[in-house]
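Encoded as structure tokens, the structure appears first; notes follow it.
There are 2 protein chains.
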Amino acid sequence: MDQSHPPFAVTVDVVLLTIRTGDLSVLVVRRGEPPYEGRWALPGGFVRPDEDLDAAAVRELREETGLSSGFHLEQLRTYGAPRRDPRMRTVTVAYLALAPDLSAPRAGTDAADADWRPVATLLAARTRLAFDHDEILRDALDRARAKLEYTPLATAFCADTFTIGELRRVYETVWGTSIDPRNFHRKASKTPGFLVPTEETTTRDGGRPAQLFRRGSLELLNPPLTRG
Amino acid sequence: MDQSHPPFAVTVDVVLLTIRTGDLSVLVVRRGEPPYEGRWALPGGFVRPDEDLDAAAVRELREETGLSSGFHLEQLRTYGAPRRDPRMRTVTVAYLALAPDLSAPRAGTDAADADWRPVATLLAARTRLAFDHDEILRDALDRARAKLEYTPLATAFCADTFTIGELRRVYETVWGTSIDPRNFHRKASKTPGFLVPTEETTTRDGGRPAQLFRRGSLELLNPPLTRG
DNA sequence: TCAAAAGTGTTAATTCTACACCCATGT
DNA sequence: ACATGGGTGTAGAATTAACACTTTTGA
Numbered sequence: 544m545d546q547s548h549p550p551f552a553v554t555v556d557v558v559l560l561t562i563r564t565g566d567l568s569v570l571v572v573r574r575g576e577p578p579y580e581g582r583w584a585l586p587g588g589f590v591r592p593d594e595d596l597d598a599a600a601v602r603e604l605r606e607e608t609g610l611s612s613g614f615h616l617e618q619l620r621t622y623g624a625p626r627r628d629p630r631m632r633t634v635t636v637a638y639l640a641l642a643p644d645l646s647a648p649r650a651g652t653d654a655a656d657a658d659w660r661p662v663a664t665l666l667a668a669r670t671r672l673a674f675d676h677d678e679i680l681r682d683a684l685d686r687a688r689a690k691l692e693y694t695p696l697a698t699a700f701c702a703d704t705f706t707i708g709e710l711r712r713v714y715e716t717v718w719g720t721s722i723d724p725r726n727f728h729r730k731a732s733k734t735p736g737f738l739v740p741t742e743e744t745t746t747r748d749g750g751r752p753a754q755l756f757r758r759g760s761l762e763l764l765n766p767p768l769t770r771g
Numbered sequence: 544m545d546q547s548h549p550p551f552a553v554t555v556d557v558v559l560l561t562i563r564t565g566d567l568s569v570l571v572v573r574r575g576e577p578p579y580e581g582r583w584a585l586p587g588g589f590v591r592p593d594e595d596l597d598a599a600a601v602r603e604l605r606e607e608t609g610l611s612s613g614f615h616l617e618q619l620r621t622y623g624a625p626r627r628d629p630r631m632r633t634v635t636v637a638y639l640a641l642a643p644d645l646s647a648p649r650a651g652t653d654a655a656d657a658d659w660r661p662v663a664t665l666l667a668a669r670t671r672l673a674f675d676h677d678e679i680l681r682d683a684l685d686r687a688r689a690k691l692e693y694t695p696l697a698t699a700f701c702a703d704t705f706t707i708g709e710l711r712r713v714y715e716t717v718w719g720t721s722i723d724p725r726n727f728h729r730k731a732s733k734t735p736g737f738l739v740p741t742e743e744t745t746t747r748d749g750g751r752p753a754q755l756f757r758r759g760s761l762e763l764l765n766p767p768l769t770r771g
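Each protein sequence line maps, in turn, to chains A and B. Each step along the first sequence adds one to the number in our numbering, with nothing skipped, and position 50 is 593. Each step along the second sequence adds one to the number in our numbering, with nothing skipped, and position 39 is 582.
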């Protein structure tokens, strides 16, 4: 079984999704050096010699956004085609991250050349992302859509407290569908452990004041909130 | 973003699950050298310099079982804790494979020290697998269980043709539950695209002859066949 | 003839879907 | 007053879950 240990470079890349101005958007950075200089890419970088993979992903995220908490992060999958990086044999562990709209509180954004782009626009564009990042982005989108269905992950796109209407618009944005607000309200509010009610209400969405909720501690939605 | 490219070793490990004598079982190999010499481990090995990750997993599977087709294979996740391998910094890409009972047709099994062990026994045992393979096995079991629910993956445990009763016993074995045979029969046979009927029947399970089916080409089961 | 597993029928409970309708606010 | 989104009620359709019953084989 043993034979040799050819050296690989190992990187992490992060697909950070958020909802901005009604679009599901992803954070991309412009590459400042070859290969693919000047092209948009997913934020990422080399894993350090003593660093865990998850820790590397968290670090990259913090370096690009200033965020160190308040987001969801999970491993997506690993990409290692022999020539995916022209410089050397590189394997990248891709992560999927979901966060609320960070428009306002971006602090430590050292990368001036970082930007949010609507996912749909990027995937439809003829200009491709660097490396195999288009493929990674497509896989991330698939994963995010699938997980909304059977986990409470949609709340990761919402602020600390949110209304049921805001939560519904997350589903509508990510799936590109429309959902009956009344039935959705019933399902969401009656699923035990999904939403934790607060005492407060808000009128920020217009109309009648809506109750504010916090994320529950649920792991799985069974049955799913809405059938795809 | 760039800094240095510390060298990593990259391996693949395969969790090959099958159903043998009524137990969900996994293929393990006995390590012939340090570290963890003499301990059971998941089959796996180093990715070759010009080899794709998926190809490496297929190769390992073939080396251990002689199988080169007729199984399901998907990437599970990647494990890269800094000291998971005492020899060097090693990242392993774990794969989940599902196959029918291979008791009979094992051909090129070069590894004399390979064996099938019931998953439940392994996870309950105080003797641990090598490296972090216990964790990988647990994750694989979780994934397999979850995917049975919303994909037609259960058929991967069945032979080329199979009865609905055999398929039901797959679910019962993997989940450790019992399912009403009559309701299951209805759901399975009425889900379009799930099962392809053949002209043949069999009495190999005893009782009245049962119709034989082949896997359909369906990707997703919606709604799920059985709620967990 | 009996046991065993396949397969069909039926019914009550639950859940889904599509609405009608009222509520409480900002403008 | 009215537009806007929040929230509740309800009825028909569809699905689920539980179980009676018939069918076809091997022993």
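Just so it is clear, CB atoms sit at the ideal spot from N, CA and C, and this is done for glycine as well.
Contact between the segment 553-563 of chain B and the segment 575-595 of chain B is established, with three or more Cβ pairs separated by less than 8 Å.
Inclusion of A:T694 and A:L764 in the CB contact set at 8 Å is warranted, their separation being smaller than that value.
By a beta-carbon distance limit of 8 Å, A:V569 contacts A:V662. Their separation comes to about 5 Å.
Listed as beta-bridge partners of B:W583 by DSSP are B:R573. Identification of chain A residues near B:D595 by a Cβ-Cβ cut-off of 8 Å yields G623, A624 and P625, ordered along the chain. Within the DSSP secondary-structure output, B:Y638 pairs in a beta bridge with B:V557 and B:Q618. With its beta carbon at least 8 Å from every one in chain B, A:P695 lies outside the interface. Inclusion of B:I679 and B:L585 in the CB contact set at 8 Å is warranted, their separation being smaller than that value.
Proximity to B:V636 across B:T704, B:L696, B:F737 and B:E603 peaks at B:E603, based on C-alpha coordinates. At least 8 Å separates the beta-carbon of B:F700 from that of B:L755. From the listed residues A:G749, A:T745, A:H615 and A:G623, the smallest Cα separation to A:L691 is found for A:H615. In terms of Cα proximity to B:F674, the closest of B:Y579, B:G708 and B:W718 is B:Y579.
Under the 10 Å beta carbon count, B:L710 is surrounded by 16 or more other beta carbons and is classified as buried. Rounded to whole angstroms, the gap between the alpha carbons of A:L665 and A:W583 is 10 Å.
Within chain A, not a single residue places a beta-carbon under 8 Å from that of B:R573; the smallest gap is close to 11 Å.
Residue pairing for A:T745: DSSP places it in a beta bridge opposite A:A753.
At a cut-off of 8 Å between beta-carbon atoms, A:V558 makes no contact with chain B.
Only those residues of the segment 596-622 of chain A whose C-beta falls short of 7 Å from the nearest C-beta of chain B are listed: L596, Q618, R620 and T621. DSSP places B:P661 in the uninterrupted beta strand (DSSP E) bounded by A657 to P661.
Contact annotation for B:R632 against chain A: P592 [CB-CB distance below 7 Å, chain order]. At a cut-off of 8 Å between beta carbons, A:A552 contacts chain B. Here DSSP, grouped into helix, strand and coil, assigns B:A624 to coil. In terms of beta-carbon proximity, A:P661 stays away from the interface with chain B, with every pair separated by 8 Å or more.
Annotation for B:P625: R632 place their beta carbon closer than 7 Å to its own, counting only its chain and skipping 5 residues before and after.
Between A:L768 and A:K730, the C-beta gap is smaller than 8 Å, which places the two residues in contact.
Judged by DSSP in its simplified three-state form, B:G708 adopts helix.
Rounded to whole angstroms, the gap between the alpha carbons of A:I722 and A:G565 is 15 Å.
Chain order gives the chain A residues near B:V636 as T621, G623 and V634, where near means a beta carbon separation below 8 Å.
Going by DSSP, A:V590 is part of no alpha helix (DSSP H) at all; its letter is neither H nor E.
Exposure of A:E743 is indicated by the presence of fewer than 16 other C-beta atoms within 10 angstroms of its C-beta. Secondary structure of A:P643 (DSSP, three-state): coil.
In the three-state scheme derived from DSSP, where H, G and I count as helix and E and B as strand, B:S732 is classed as helix. Short of 7 Å from the beta carbon of B:R574, and not among the five residues preceding or following it, lie these beta carbons of its own chain, in chain order: E580, G581, R582, A584 and A673. With fewer than 16 other CB atoms across the displayed protein chains lying within 10 angstroms of its CB, B:V739 is exposed.
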